[in-house]
Amino acid sequence: LCHIMEVRAQRLSDEASSLPPTHFTLITSLSFVSIVAYVTASLAVVDDAGSPPQEASLLFAGLFSLYYLFFNFCRDLNE
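Okay, here's the thing in structure tokens:
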């Protein structure tokens, strides 16, 4: 009986420590919206060479890095 209780506790612990798939769907959706927003906002303010402003590129790089770091952290937490 003691072994059964330990196995059950381990199974419940494993189930509670993983994140639901909707969490990853949300992160993917936010990343896609961020990319679309960056592209559409950059189209109106490009310079003569066709490059977006430096500040917009840095902001996008920072947001992308945060999403990527958070996504990998959550994936590592699930495994």
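Numbered per the numbering used here, the sequence shown spans residues 20 to 98.
Virtual Cβ for every residue (Gly too), placed ideally from N, Cα, C.
On a predicted model such as this, the values are computed, not experimentally measured, just so you know.
*Inter-residue spacing [alpha-carbon to alpha-carbon] between residue 27 and residue 98*: Cα-Cα distance, rounded: 19 Å.
*Look at the alpha carbon of residue 86 and the alpha carbon of residue 50, and state the distance between them as a whole number of angstroms.*
Spanning the two alpha carbons is a distance of roughly 7 Å.
*Going by CA-CA distance only, name the one from 59, 89, 92 that's closest to residue 71.*
Comparing C-alpha distances from residue 71 to each of 59, 89, 92 shows the shortest one belongs to 59.
*Hey, could you find the ends of the alpha helix (DSSP H) residue 95 is sitting in?*
Note, residue 95: alpha helix (DSSP H), 73-97.
*Does DSSP put residue 12 in a helix, a strand or coil?*
With the chain covering 20 to 98 only, the question about residue 12 has no answer from this structure.
*List the whole-angstrom C-beta distance separating residue 80 from residue 61, where the pair is believed to meet the contact cut-off of C-beta under 8 Å.*
Between residue 61 and residue 80 the Cβ distance is about 13 Å, and since that is not below 8 Å, they are no contact.
_Local conformation of residue 40 per DSSP, three classes_ = The answer is helix: DSSP assigns residue 40 an H, G or I state.
*Using alpha carbons as the reference points, say which of 24, 42, 21 lies closest to residue 92.*
Out of 24, 42, 21, 42 has the C-alpha closest to the C-alpha of residue 92.
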